[in-house]
Amino acid sequence: MNIQIYTMQSVEEAQAVVALGVNHIGITPSHLGLPGEVDFATARAIVDGVGDTAW
């Protein structure tokens with residue numbers, strides 16, 4: 002079973018949900034004022050922070 006949670010806001014948040022068993026995280030990298038968006042640098046840090054433990 003895949004567990005998905007979207008709109009990660011920080012590396013710490015993403016790592017915490019992955020530690021709980023989430024295997025798919027969502028990130029909204031943008032500068033358009035979208036709900037839950039993060040800047041591109043934060044999105045990159047989140048991806049780097051979880052590595053291959055989530056996709």
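Each residue of the sequence shown is one higher than the last, beginning at 2 in the working numbering.
C-beta atoms are modelled at their ideal positions from N, C-alpha and C, and glycine is treated no differently.
Helix, strand or coil at Q5 according to DSSP, with G and I counted as helix: Your numbering for residue 5 matches position 4 in the sequence shown. In this structure, Q5 counts as strand in the three-state DSSP scheme.
Contact check, H25 vs Q5, beta carbons under 7 Å: Walking along the sequence shown from the start, residue 25 turns up at place 24. Walking along the sequence shown from the start, residue 5 turns up at place 4. Yes, they are a contact pair.
Short Cβ contact (7 Å threshold) for Y7 with G27: Along the sequence shown, one-based indexing puts residue 7 at 6. Along the sequence shown, one-based indexing puts residue 27 at 26. Taking 7 Å as the Cβ cut-off, Y7 and G27 qualify as a contacting pair.
E38 versus A44 - alpha carbon distance: Numbered from its first residue, the sequence shown carries residue 38 at position 37. Numbered from its first residue, the sequence shown carries residue 44 at position 43. Between E38 and A44, the C-alpha separation is close to 9 Å.
G50 beta carbon less than 7 Å from that of A15: Stepping through the sequence shown from its first residue, residue 15 is reached at position 14. Stepping through the sequence shown from its first residue, residue 50 is reached at position 49. Yes, these two residues count as a Cβ contact at 7 Å.
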